[in-house]
Amino acid sequence: HRNTPKTPNKPAPSSAFPTRLTSQETANQLPAKTKVWTLGTHQTINGNGDTGTGYQMYYTGVDWAVSDRLQFGVTTQVYDDPPYENVLGKGPNLTFASLAGSAKYQLKKNDKFAMSLMGAVEQFYSSNAWLFQVSPPGYEGERATSKIVGSIQVPMTFQTSKSLQLHLTPGIFFFPDTVKTADAYGTFVNLGFGASWKPGDRLTLSANGNLPIGPGGNATRPDDGSTTKRFVWSLGAEVAVTPRFAVTAYASNAWGVTPTTSVLAFQPEGQRLVLGANLKYVFDRAGRYAGTFREGPLVKPSDRDKAFRVEGLTLSSASTIPVDAVRVTAGATSGSSRHLGVTYGLASNLQLDLYFDRYSEGGLEGRFGGGTELKGGIGLKLQLMDHVQGDPISASLRVLGYRDFRALRKADKSTEGFGVGTLGVELPLLFQFSEKTAFYAVPKLAANGAERRYGIGIGANYNWTKNWQAIAEVTPVFIKGGDRDLTWALGLRYFNPNKRLGGDLFVSNSIGFQGLGAMVADEGLNFGFKLHWLTPGF
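All letters in the sequence shown, in the order written, are residues 51 to 588 by this note's numbering.
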């Protein structure tokens, strides 16, 4: 059976030239009535004097175009780590956050040139007096500050060929000169310049730089806390995975991502390499764009294929749920672990996971990942190959991050941080040998601070009668430092694709249901269950 996808009315937004480079605005605009959501993070390779996962900036934002010439944006970012280098001899934990609003209007556009005017206003919050200055002269007692900052920029884009654009972006950036006698960035003129090159319809390579001219600056001297100027650069590669979804990887020495803070050097002085990635998703309720770049009609999945849209007992599935579908999963074990997850189909081959987990009491003993505290997290899974559509196997990439809700880290009395965070990366692979038998492998990684766990999950799924499956999973785990662990699960699953309901009964030795929790063995056996419910359209 085959379904013919809706013919798109417009070119894919994910394949267009970028409206902004990693740390520079361009004169390109979003098409009218287009909304784009961005989610990303960047970080140093490691931390200040330790071997942790580095210091991270997390960010998200939405841009929407009222017309082909006018667009608005809202972006928020959070940093909750010490500075990479001590400032004034101290390196306290800093909780930094900001919320920025922006507007960009295209003044001129033709085949060779475009020019826009952009303004941004931002609420800039720091848990310390000013950025990383813990106790500047004459300022004792109060800690947090909140200031309004902003910028005005005039991006210009030159179309030199069908595949190459050059960008020039002069601008004025407004920060306080001082905060409670501590030096701040002040007001300064900045000159941004860059290029974006499209060697193919689905790949964009970019490079850009920012040169602060003054009189203020965009960096902080570690020795005396004074403001200075540093060249800020970025290199990026964006891949359009679907017409509505793109992934960008980049290297830089920039700190922020908002229109005003993206020209600031990674604190304090921009001397360290920063690696980052973000995801861009185009909302398309009107169905203006195709859901996939695949040509021709799509194969309709069988009931057996639909069964793999539900995750395994402790291993991730290689399939994703359809666009706009919702899946809810809840589970518990005799070892006191709990799980609640909600999954939404963002686009063809892309799903968003929101979940809450509590690990059982054995195994971690409060060390790795914050122990048994309740955790909340977000994950994204991108299906790279689909055996239903003729690929030899199904394969996906899943990234998930979660934080312990209790703030364990108190590096400075002024802040308790946002708790302990863990990052997980998985590559689920599915091999469908027959209508009844499938095997899957899931290479995976969990990282928290200096801790690392590497695993290779192996599983089998046997459809022994209608709607009933037998599932077996085992994961050898290799721990940084030479130790090893082993987790496993055995169970039965009932899943009715017509009623979109299912349930699992299983026994396992893991302390949790997914991610890190599925990579740590408990002190004993746990008996558990999971329930699955999906919306129409599944």
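Beta carbons: idealized from backbone N, C-alpha and C, even for Gly.
1. Do Gly169 and Ile202 have their C-beta atoms within less than 8 Å of each other?
2. Can you list, in chain order, the residues of its chain with a C-beta nearer than 8 Å to that of Leu80? Leave out the 5 residues immediately preceding and following it.
3. Taking only the alpha-carbon atoms, compute the straight-line gap between Phe588 and Val376 and give it to the nearest angstrom.
4. Are Ile46 and Tyr409 closer than 8 Å when you measure CB to CB?
5. On the three-state DSSP scale, how would you describe Val313?
6. Return the Cβ separation of Val239 and Asn260 in integer angstroms, given the expectation that the two are a contact with Cβ distance under 8 Å.
7. When DSSP labels each residue in this structure, what does Gly567 get in the three-state scheme?
8. If you follow the beta strand (DSSP E) that Lys159 is part of, which residue opens it and which one closes it?
9. Under 8 Å, do Gly427 and Tyr405 count as touching if we go by C-beta distance?
10. Quick one: measure Cβ to Cβ for Ala368 and Ser446, integer angstroms, because I've assumed they're closer than 8 Å.
11. Hey, how far is the Cα of Leu157 from the Cα of Gln74?
12. Put Gln79 into one of helix, strand or coil per three-state DSSP.
13. Contact between the stretch 543-555 and the stretch 354-365: three or more CB pairs below 8 Å?
14. Please state the DSSP three-state secondary structure of Gly380.
15. Report the partner residues of Thr487 according to the DSSP bridge assignment.
16. With H, G and I counted as helix, E and B as strand and the rest as coil, what does DSSP make of Arg354?
17. So the beta strand (DSSP E) Ala520 belongs to, where does it begin and stop?
18. What is the rounded straight-line gap between the Cα of Asp572 and the Cα of Gln93?
19. Specify the secondary structure class of Pro63 as computed by DSSP and reduced to three states.
20. Confirm, please, whether the CB-CB distance from Leu214 to Ala245 is below 8 Å.
21. Between Pro226, Thr472, Phe295 and Arg294, which lies nearest to Gly266 when the distance is taken from Cα to Cα?
22. With a threshold of 6 Å on Cβ separation, who are the neighbours of Gln106 within its own chain once the five nearest residues in sequence on each side are excluded?
23. Comparing alpha-carbon positions, which option in Val137, Gly578 and Gly565 lies nearest Leu555?
24. Using beta-carbon positions only, say whether Ala150 and Thr308 come within less than 8 Å of one another.
25. CB-CB under 8 Å to Glu319, same chain, minus the five flanking residues each way: which ones, in chain order?
26. Taking the alpha carbon of Glu411 as the reference point, which residue from Gly567, Val373, Asp353 and Leu402 has its own alpha carbon closest?
27. Based on the DSSP output, what are the partners of Tyr175 in its beta bridges?
28. DSSP beta-bridge partners for Leu214?
29. If you run the structure through DSSP and keep just helix, strand and coil, what is Leu575?
30. Does the Cβ of Ala496 have 16 or more other Cβ atoms within 10 Å, making it buried, or fewer, making it exposed?
31. By DSSP, does Val438 sit in helix, in strand, or in coil?
32. State the Cα-Cα distance for the pair Ala327 and Asp131, rounded to the nearest angstrom.
33. Taking Ser398 as the reference, give the member of Phe333, Leu424, Gly429 and Arg119 with the closest Cα.
34. In this structure, does DSSP put Thr278 in helix, strand or coil?
35. Would you kindly report the start and end of the unbroken beta strand (DSSP E) that includes Trp114?
36. Considering only their Cβ atoms, is the gap separating Asn511 from Ala539 smaller than 8 Å?
The relevant details are as follows:
1. Taking the sequence shown and counting its residues from 1, one reaches residue 169 at position 119. Taking the sequence shown and counting its residues from 1, one reaches residue 202 at position 152. Their beta carbons are under 8 Å apart, which means Gly169 touches Ile202 by this criterion.
2. Taking the sequence shown and counting its residues from 1, the one referred to as residue 80 is at position 30. Cβ within range, chain order: Pro63, Thr69, Val86, Asp113, Trp114, Ala115 and Gln121.
3. Start at 1 with the first residue of the sequence shown, and residue 588 comes out as number 538. Start at 1 with the first residue of the sequence shown, and residue 376 comes out as number 326. Cα-Cα distance, rounded: 8 Å.
4. Given a span of 51 to 588 for the chain in the structure shown, any question on residue 46 remains unanswerable.
5. What you label residue 313 is simply residue 263 of the sequence shown in a count that begins at 1. In the structure shown, Val313 sits in a helix (DSSP, three-state: H, G or I).
6. By 1-based counting over the sequence shown, the position of residue 239 is 189. By 1-based counting over the sequence shown, the position of residue 260 is 210. The Cβ separation is near 11 Å, so there is no contact.
7. Against the sequence shown, residue 567 aligns to sequence position 517. The answer is helix: DSSP assigns Gly567 an H, G or I state.
8. Here residue 159 is taken as the residue at index 109 of the sequence shown, counted from 1. Leu144 to Lys159 is the span of the beta strand (DSSP E), which, as asked, contains Lys159.
9. One-based indexing of the sequence shown puts residue 427 at position 377. One-based indexing of the sequence shown puts residue 405 at position 355. Tyr405 is positioned such that its CB atom lies closer than 8 Å to that of Gly427.
10. Stepping through the sequence shown from its first residue, residue 368 is reached at position 318. Stepping through the sequence shown from its first residue, residue 446 is reached at position 396. Going by Cβ atoms, the distance from Ala368 to Ser446 rounds to 5 Å, so yes, they are a contact pair.
11. For this step, residue 157 is matched to residue 107 along the sequence shown. For this step, residue 74 is matched to residue 24 along the sequence shown. CA-to-CA, the gap between Leu157 and Gln74 works out to about 18 Å.
12. For the purposes of this step, residue 79 is taken as the residue at position 29 of the sequence shown. Of the three classes helix, strand and coil, the one that applies to Gln79 here is coil, per DSSP.
13. yes
14. Here residue 380 corresponds to residue number 330 of the sequence shown, with the count starting at 1. It should be noted that the sequence gives Ala, not Gly, for residue 380. Three-state DSSP puts Ala380 in a strand.
15. As a first step, residue 487 must be located in the sequence shown, where it is residue number 437. Tyr512.
16. Within the sequence shown, the letter at position 304 stands for residue 354. Of the three classes helix, strand and coil, the one that applies to Arg354 here is helix, per DSSP.
17. Taking the sequence shown and counting its residues from 1, the one referred to as residue 520 is at position 470. Its beta strand (DSSP E) spans residues Trp518 to Ile529.
18. Position 522 of the sequence shown holds residue 572. Position 43 of the sequence shown holds residue 93. Computed Cα separation, rounded: 32 Å.
19. Here residue 63 corresponds to residue number 13 of the sequence shown, with the count starting at 1. Helix.
20. Counting from one through the sequence shown, the residue named residue 245 turns up at place 195. Counting from one through the sequence shown, the residue named residue 214 turns up at place 164. Yes. Within cutoff.
21. For the purposes of this step, residue 266 is taken as residue 216 along the sequence shown, with counting starting at 1. Nearest C-alpha to Gly266: Pro226.
22. In the sequence shown, the residue the question calls residue 106 occupies position 56. Within the same chain, Gln106 has close Cβ partners Thr91 and Gln93.
23. Within the sequence shown, numbered from 1, the residue matching residue 555 stands at position 505. Here the closest residue by C-alpha is Gly578.
24. If you number the sequence shown from 1, residue 150 lands on position 100. If you number the sequence shown from 1, residue 308 lands on position 258. For Ala150 and Thr308, yes; Cβs fall inside 8 Å.
25. To locate residue 319, count along the sequence shown from 1; it is residue 269. Closer than 8 Å at Cβ, skipping near neighbours: Glu135, Ala269, Thr270, Arg271, Pro272, Thr278 and Arg280.
26. Position 361 of the sequence shown, counted from the start, is the residue given in the question as residue 411. The shortest C-alpha separation from Glu411 is found at Gly567.
27. In the sequence shown, residue 175 corresponds to position 125, counting from 1. DSSP output for Tyr175 lists Ala147 and Ser196 as bridge partner(s).
28. As a working mapping, residue 214 is identified with position 164 in the sequence shown. Within the DSSP secondary-structure output, Leu214 pairs in a beta bridge with Trp247.
29. Here residue 575 refers to the residue found at position 525 when the sequence shown is read from its first residue. Looking at Leu575 - three-state DSSP - the assignment turns out to be strand.
30. The residue labelled residue 496 in the question sits at position 446 within the sequence shown. By the neighbour-count criterion, in which a residue is buried when 16 or more other Cβ atoms sit within 10 angstroms of its Cβ, Ala496 is buried.
31. For this step, residue 438 is matched to residue 388 along the sequence shown. Three-state result, Val438: helix.
32. Your numbering for residue 327 matches position 277 in the sequence shown. Your numbering for residue 131 matches position 81 in the sequence shown. C-alpha separation (whole angstroms): 19 Å.
33. Start at 1 with the first residue of the sequence shown, and residue 398 comes out as number 348. Checking every option, the nearest Cα to that of Ser398 belongs to Phe333.
34. For this step, residue 278 is matched to residue 228 along the sequence shown. Residue state, collapsed to three classes: strand.
35. As a first step, residue 114 must be located in the sequence shown, where it is residue number 64. Counting along the chain, the beta strand (DSSP E) containing Trp114 begins and ends at Gln106 to Ala115.
36. Position 489 of the sequence shown, counting from 1, holds the residue named residue 539. Position 461 of the sequence shown, counting from 1, holds the residue named residue 511. The answer is no: Cβ separation not under 8 Å.
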